[in-house]
Amino acid sequence: MIRISDVSKSFVLHNQGSAVIPVMEGASLSVAPGECVALVGNSGAGKSTLMRMIYGNYLAGAGRIMVGDVDVARAEPREILTLRREVLGYVSQFLRVVPRVPTLEVVAEPVLAAGGSAGNGEARARELLARLNIPERLWSLSPTTFSGGEQQRVNIARGFAHGFPALLLDEPTASLDATNRAVVLALIEEAKARGAAIIGIFHDAAARERVCDREIDVSGFTPARAA
Amino acid sequence: MTPLLSVQGVTKHYGARLGCGDVNFDLWPGEVMGIVGESGSGKSTLLSCLSGQLAPDAGKVVFDTRAEGPRDVLTMSEPERRMLARTDWAFVHQNARDGLRMGVSAGGNVGERLMAVGARNYADIRAQAIDWLGRVEISEDRVDDRPRAFSGGMQQRLQIARNLVTGPRLVFMDEPTGGLDVSVQARLLDLLRGLVREMGLSAVIVTHDLAVVRLLADRLMVMKGGQVVETGLTDQVLDDPQHGYTQLLVSSVLQV
Numbered sequence: 001m002i003r004i005s006d007v008s009k010s011f012v013l014h015n016q017g018s019a020v021i022p023v024m025e026g027a028s029l030s031v032a033p034g035e036c037v038a039l040v041g042n043s044g045a046g047k048s049t050l051m052r053m054i055y056g057n058y059l060a061g062a063g064r065i066m067v068g069d070v071d072v073a074r075a076e077p078r079e080i081l082t083l084r085r086e087v088l089g090y091v092s093q094f095l096r097v098v099p100r101v102p103t104l105e106v107v108a109e110p111v112l113a114a115g116g117s118a119g120n121g122e123a124r125a126r127e128l129l130a131r132l133n134i135p136e137r138l139w140s141l142s143p144t145t146f147s148g149g150e151q152q153r154v155n156i157a158r159g160f161a162h163g164f165p166a167l168l169l170d171e172p173t174a175s176l177d178a179t180n181r182a183v184v185l186a187l188i189e190e191a192k193a194r195g196a197a198i199i200g201i202f203h204d205a206a207a208r209e210r211v212c213d214r215e216i217d218v219s220g221f222t223p224a225r226a227a
Numbered sequence: 001m002t003p004l005l006s007v008q009g010v011t012k013h014y015g016a017r018l019g020c021g022d023v024n025f026d027l028w029p030g031e032v033m034g035i036v037g038e039s040g041s042g043k044s045t046l047l048s049c050l051s052g053q054l055a056p057d058a059g060k061v062v063f064d065t066r067a068e069g070p071r072d073v074l075t076m077s078e079p080e081r082r083m084l085a086r087t088d089w090a091f092v093h094q095n096a097r098d099g100l101r102m103g104v105s106a107g108g109n110v111g112e113r114l115m116a117v118g119a120r121n122y123a124d125i126r127a128q129a130i131d132w133l134g135r136v137e138i139s140e141d142r143v144d145d146r147p148r149a150f151s152g153g154m155q156q157r158l159q160i161a162r163n164l165v166t167g168p169r170l171v172f173m174d175e176p177t178g179g180l181d182v183s184v185q186a187r188l189l190d191l192l193r194g195l196v197r198e199m200g201l202s203a204v205i206v207t208h209d210l211a212v213v214r215l216l217a218d219r220l221m222v223m224k225g226g227q228v229v230e231t232g233l234t235d236q237v238l239d240d241p242q243h244g245y246t247q248l249l250v251s252s253v254l255q256v
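First to last, the sequence lines map onto chains V and Z.
Taking full-length UniProt numbering, the leading residue of the first sequence gets 1, the next gets one more, and so forth.
Taking full-length UniProt numbering, the leading residue of the second sequence gets 1, the next gets one more, and so forth.
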């Protein structure tokens with residue numbers, strides 16, 4: 001489902017003496033439907049960078065990033081937009097939403113974006129918010145005022161609202177208590193069972209152990225320190 | 001599928017000075033394109049050229065019309081272009097007073113647009129005007145007030161209602177949230193986003209506010225000195241800017 005071959009990336013800082021910082025070289029991996037692969041490596045090894053490149057958030061310097069039949073490294077913006085609506089979900093570490101929009105709508109939005117009905121979106125949002133223990137009296141409020149852990153759970157609910165065939169999870173269990181952590185792990189297992197290909201970053205080793213089928217150490221893709 | 005709007009080589013000079021140079025892009029149905037850049041970068045000039053308010057020196061602006069398919073707007077006759085501006089197009093000005101008739105009631109401002117496209121039944125027009133005022137969160141008891149009696153944020157929302165009542169397919173917006181305080185901005189953004197999704201609108205939004213484009217625009221175009229220096233997905237351009245100017249722009253935003 002996700003197939004990455006020979007991807008490299010450097011940042012060029014034009015306003016800081018045009019410094020070139022190579023951050024990735026020769027990254028290759030593939031993830032089959034129903035499989036969950038963990039990216040591991042020290043901080044700064046490039047886990048998030050690789051994930052952001054798969055999502056099209058960072059531009060790949062070279063190589064191929066196939067998600068389904070779209071090469072994210074070369075696709076037009078509108079192809080990536082369609083991919084993100086229908087195929088590729090992403091749970092980032094931070095929730096970014098339009099202020100004032102009620103939580104229920106924030107969570108239902110991906111369902112509507114993928115062409116689902118308002119009724120289905122709301123039903124799915126209610127189900128997920130209840131499972132993730134967000135008190136019902138908060139559902140009509142904007143999540144911008146919620147606590148960090150609550151925002152994280154809203155973000156997860158949003159990521160799992162539509163049944164994406166491919167999912168990217170950046171630290172989905174960070175800042176969660178044991179109960180909610182278990183819910184998130186169950187959501188991941190359900191997504192695998194329905195055939196989703198998942199790439200995740202988990203600092204939580206026990207979580208990784210439970211849901212991931214393989215680990216890929218991204219330090220192997222870190223360019224040798226140049227000078 | 002054809003692009004709703006295809007901009008090809010649009011160039012405008014003011015005397016010897018470049019307004020905007022060789023701008024090319026396609027806008028697809030349902031897409032929102034943001035144009036950012038500092039004051040004087042040519043973004044408003046470009047918007048005026050695209051919306052038929054200013055004649056460019058060169059280039060084509062091809063719009064996919066309902067009746068005849070793709071046509072170059074710049075070669076249309078004046079009446080044709082005016083008809084387009086009343087039906088399929090809308091223009092939201094930065095200053096609501098430029099887009100409203102200040103001497104006409106709020107309901108009249110909205111209803112007038114319906115009459116311009118042939119509505120004649122007074123009761124229907126009034127009902128539709130009230131419906132639209134409701135959508136932009138202006139209460140029914142203000143329908144007979146003139147916009148002069150409205151706050152800046154309300155005027156802006158009224159301008160949006162006036163523009164969207166005829167169900168346009170393409171909306172041009174020039175700094176739609178400029179000059180409004182942040183709480184009003186948030187409300188307006190929420191409103192615009194909802195309308196864009198419900199009505200399947202395409203929009204071109206000119207702004208210098210990167211937070212606004214991040215929330216509203218699917219794609220982004222960065223201009224400097226009349227030239228487009230970078231284009232791409234909004235989050236990609238903001239999070240991984242490639243051009244030196246965009247890097248400067250993004251790193252100059254004050255964090256709240």
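Every residue gets a Cβ at the ideal spot worked out from N, C-alpha and C, and that includes glycine.
**Item:** Test: V/Gly56 CB closer than 8 Å to a CB of chain Z
**Value:** Start at 1 with the first residue of the first sequence, and residue 56 of chain V comes out as number 56. Answer yes: the Cβ-Cβ gap between V/Gly56 and chain Z drops below 8 Å somewhere.
**Asked** When you compare each of V/Val154, V/Val70 and V/Asp6 to V/Gly61 by their alpha carbons, which one comes out closest?
**Response** By 1-based counting over the first sequence, the position of residue 61 of chain V is 61. V/Asp6 is the residue among V/Val154, V/Val70 and V/Asp6 whose C-alpha sits nearest the C-alpha of V/Gly61.
**Request:** Take every Cβ of the segment 68-85 of chain V, pair it with every Cβ of the segment 136-156 of chain V, and state whether three or more of those distances are shorter than 8 Å.
**Result:** Per the Cβ contact rule, the segment 68-85 of chain V is not in contact with the segment 136-156 of chain V (fewer than 3 Cβ pairs under 8 Å).
**Asked** Can you list, in chain order, the stretches of the alpha helix (DSSP H) that have 4 or more residues and sit fully within the segment 137-209 of chain V?
**Response** Note on the segment 137-209 of chain V: whole alpha helix (DSSP H) runs with a minimum of 4 residues are 148-161 and 178-193, in chain order.
**Members of the segment 127-141 of chain Z that neighbour chain V once the beta carbon cut-off is set at 9 Å** = Sequence-ordered contacts of the segment 127-141 of chain Z with chain V are nonexistent [C-beta pairs closer than 9 Å].
**Asked** How would you list, in chain order, the residues of chain Z whose beta-carbon sits under 9 Å from the beta-carbon of V/Ile80?
**Response** Translated into the one-based positions of the first sequence, residue 80 of chain V becomes position 80. By Cβ distance, chain Z contributes Leu233 and Gln236.
**Prompt:** Taking the continuous alpha helix (DSSP H) assigned at Z/Trp132, which residues delimit it?
**Reply:** Walking along the second sequence from the start, residue 132 of chain Z turns up at place 132. Annotation for Z/Trp132: the continuous alpha helix (DSSP H) segment containing it runs Tyr122 to Arg135.
**Request:** Grab me the residues of V/Gly34's own chain with a C-beta within less than 6 Å of its C-beta, minus the 5 sequence neighbours each way, in chain order.
**Result:** Locating residue 34 of chain V in the first sequence gives position 34, where the first residue counts as 1. If we look at V/Gly34 and ignore the five residues flanking it on each side, its Cβ neighbours are Lys192 and Gly195.
**Prompt:** Which residue from V/Leu50, V/Pro135 and V/Val20 puts its Cα closest to that of V/Asp217?
**Reply:** Counted from its first residue, the first sequence places residue 217 of chain V at position 217. For the residues V/Leu50, V/Pro135 and V/Val20, the minimum Cα distance to V/Asp217 belongs to V/Leu50.
**Request:** In angstroms with no decimal places, state the Cα-to-Cα distance between V/Arg3 and Z/Ala55.
**Result:** Residue mapping note: residue 3 of chain V aligns to position 3 of the first sequence, counting from 1. Residue mapping note: residue 55 of chain Z aligns to position 55 of the second sequence, counting from 1. The straight-line gap from Cα to Cα measures roughly 48 Å.
**Prompt:** Does the segment 98-109 of chain Z come within contact of the segment 133-150 of chain Z, defined as at least 3 CB pairs closer than 8 Å?
**Reply:** Output reads yes: the segment 133-150 of chain Z touches the segment 98-109 of chain Z.
**Prompt:** Between Z/Arg214 and the rest of its own chain, which residues show a CB-CB distance below 8 Å, the 5 nearest in sequence each way excluded?
**Reply:** As a working note, residue 214 of chain Z is residue 214 in the second sequence. Beyond the five residues adjoining it in sequence on each side, Z/Arg214 comes within less than 8 Å, by CB distance, of Thr234, Asp235 and Leu238 in the same chain, given in chain order.
**Asked** Bridge partners of V/Tyr90, per DSSP?
**Response** Locating residue 90 of chain V in the first sequence gives position 90, counting from the first residue. DSSP links V/Tyr90 through a beta bridge to V/Leu168.
**Prompt:** Using DSSP with H/G/I as helix, E/B as strand and the rest coil, what is Z/Asn109?
**Reply:** Position 109 of the second sequence holds residue 109 of chain Z. Helix, per DSSP.
**Request:** Could you check the C-alpha separation between Z/Lys60 and Z/Asp26 for me, to the nearest Å?
**Result:** Here residue 60 of chain Z refers to the residue found at position 60 of the second sequence. Here residue 26 of chain Z refers to the residue found at position 26 of the second sequence. Z/Lys60 and Z/Asp26: Cα-Cα distance of roughly 12 Å.
**Prompt:** List, in order along the chain, the chain V residues whose C-beta lies closer than 9 Å to that of Z/Gly34?
**Reply:** Within the second sequence, the letter at position 34 stands for residue 34 of chain Z. Within 9 Å of the CB of Z/Gly34, no CB atom of chain V is found; the nearest one sits about 12 Å away.
**Request:** Could you round the C-beta distance between V/Val111 and V/Ala166 to whole angstroms and report it? I think they count as a contact, below 8 Å.
**Result:** Locating residue 111 of chain V in the first sequence gives position 111, where the first residue counts as 1. Locating residue 166 of chain V in the first sequence gives position 166, where the first residue counts as 1. With 8 Å as the limit, V/Val111 and V/Ala166 do not qualify as a contact, their Cβ atoms being about 17 Å apart.
**Asked** Can the beta-carbon of Z/Leu191 be found closer than 8 Å to that of Z/Arg219?
**Response** As a working note, residue 191 of chain Z is residue 191 in the second sequence. As a working note, residue 219 of chain Z is residue 219 in the second sequence. Against a cut-off of 8 Å, the Cβ pair of Z/Arg219 and Z/Leu191 comes out as no contact.
**Asked** DSSP puts Z/Glu230 in a beta bridge; with which residues?
**Response** To locate residue 230 of chain Z, count along the second sequence from 1; it is residue 230. Answer by DSSP bridge pairing, in chain order: Z/Val222.
**Prompt:** Leaving out five residues before and five after V/Ala227 in sequence, what residues of the same chain have Cβ atoms less than 6 Å from its Cβ?
**Reply:** What you label residue 227 of chain V is simply residue 227 of the first sequence in a count that begins at 1. In this predicted model, V/Ala227 has a pLDDT of only 40, less than 50, meaning its place in the structure is not dependable; the value taken from the coordinates is given anyway. There are no such residues.
**Message:** My output table needs one value for V/Ile80: the three-state DSSP class, helix, strand or coil.
**Reply:** Taking the first sequence and counting its residues from 1, one reaches residue 80 of chain V at position 80. In the structure shown, V/Ile80 sits in a helix (DSSP, three-state: H, G or I).
**Asked** In the DSSP assignment, what are the bridge partners of residue 277 of chain Z?
**Response** No statement about residue 277 of chain Z is possible, as the shown extent of chain Z runs from 1 to 256 and does not include it.
**Request:** Under 7 Å between beta-carbons, which chain Z residues line up against V/Arg100? List them in chain order, please.
**Result:** What you label residue 100 of chain V is simply residue 100 of the first sequence in a count that begins at 1. Result: Ala186, Arg187 and Asp190.
**Prompt:** Per DSSP, what kind of secondary structure is V/Ala227 in: helix, strand or coil?
**Reply:** Position 227 of the first sequence, counting from 1, holds the residue named residue 227 of chain V. With a pLDDT of 40 at V/Ala227, under the threshold of 50, the predicted position of this residue should be treated as unreliable, though the coordinate-derived value follows. V/Ala227 falls in the coil class under three-state DSSP.
**Message:** Please tell me whether Z/Leu248 has its Cβ less than 8 Å away from any Cβ of chain V.
**Reply:** Numbered from its first residue, the second sequence carries residue 248 of chain Z at position 248. With 8 Å as the cut-off, Z/Leu248 counts as an interface residue toward chain V.
**Prompt:** What in chain V is Cβ-close to Z/Trp89, meaning under 7 Å?
**Reply:** Sequence index remark: in the second sequence, residue 89 of chain Z carries index 89 (1-based). Residues of chain V passing the Cβ test: none, with the nearest at roughly 21 Å.
**Message:** Check for me: the alpha helix (DSSP H) holding Z/Ser48 runs from which residue to which?
**Reply:** Your numbering for residue 48 of chain Z matches position 48 in the second sequence. Taken as a continuous stretch (DSSP letters only), the alpha helix (DSSP H) holding Z/Ser48 covers Lys43 to Leu50.
**Request:** Give every residue of the same chain whose Cβ lies closer than 8 Å to the Cβ of Z/Gly9, excluding the five residues on either side of it in the sequence, and list them in chain order.
**Result:** If you number the second sequence from 1, residue 9 of chain Z lands on position 9. Scanning its chain for C-beta atoms nearer than 8 Å, with the 5 sequence neighbours on each side dropped, one finds around Z/Gly9 the residues Asp22, Val23, Asn24, Ala58, Gly59 and Lys60, in chain order.
**Asked** With a Cβ-Cβ cutoff of 8 Å, do Z/Gly19 and Z/Thr45 count as a contact?
**Response** Along the second sequence, one-based indexing puts residue 19 of chain Z at 19. Along the second sequence, one-based indexing puts residue 45 of chain Z at 45. Contact: yes.
**Message:** In whole angstroms, give me the CA-to-CA distance for Z/Gly232 and V/Pro77.
**Reply:** Stepping through the second sequence from its first residue, residue 232 of chain Z is reached at position 232. Stepping through the first sequence from its first residue, residue 77 of chain V is reached at position 77. Here the C-alpha atom of Z/Gly232 lies approximately 6 Å from the C-alpha atom of V/Pro77.
**Message:** Quick check on this structure: which residue in Z/Phe172, Z/Glu230, Z/Leu254 and Z/Glu137 has the alpha carbon closest to the alpha carbon of Z/Asp209?
**Reply:** To locate residue 209 of chain Z, count along the second sequence from 1; it is residue 209. With respect to the C-alpha of Z/Asp209, the residue from Z/Phe172, Z/Glu230, Z/Leu254 and Z/Glu137 having the closest C-alpha is Z/Leu254.
**Prompt:** For Z/Glu38 and chain V, any beta-carbon pair shorter than 8 Å?
**Reply:** Against the second sequence, residue 38 of chain Z aligns to sequence position 38. Not flagged as an interface residue toward chain V: Z/Glu38, since no C-beta distance is shorter than 8 Å.
**Prompt:** Is the CB-CB distance between Z/Asp174 and Z/Leu50 below 8 Å?
**Reply:** Locating residue 174 of chain Z in the second sequence gives position 174, where the first residue counts as 1. Locating residue 50 of chain Z in the second sequence gives position 50, where the first residue counts as 1. If you check the CB distance, Z/Asp174 and Z/Leu50 do not come in under 8 Å.
**Request:** Pick out whichever of V/Ala38, V/Ala45, V/Cys36 and V/Val37 has its Cα sitting closest to the Cα of V/Glu25.
**Result:** Indexing the first sequence from 1 puts residue 25 of chain V at position 25. For V/Glu25, the closest of V/Ala38, V/Ala45, V/Cys36 and V/Val37 by C-alpha to C-alpha distance is V/Ala45.
**Message:** On the criterion of 16 or more Cβ atoms from any shown chain inside 10 Å, does Z/Ile160 qualify as buried, or is it exposed?
**Reply:** As a position in the second sequence, residue 160 of chain Z is number 160, starting the count at 1. By the Cβ neighbour-count rule, Z/Ile160 is buried, with 16 or more other Cβ atoms within 10 Å of its own.
**Prompt:** Straight-line CA distance for V/Val91 to Z/Pro176?
**Reply:** Within the first sequence, the letter at position 91 stands for residue 91 of chain V. Within the second sequence, the letter at position 176 stands for residue 176 of chain Z. Approximately 30 Å, taken between the alpha carbons.
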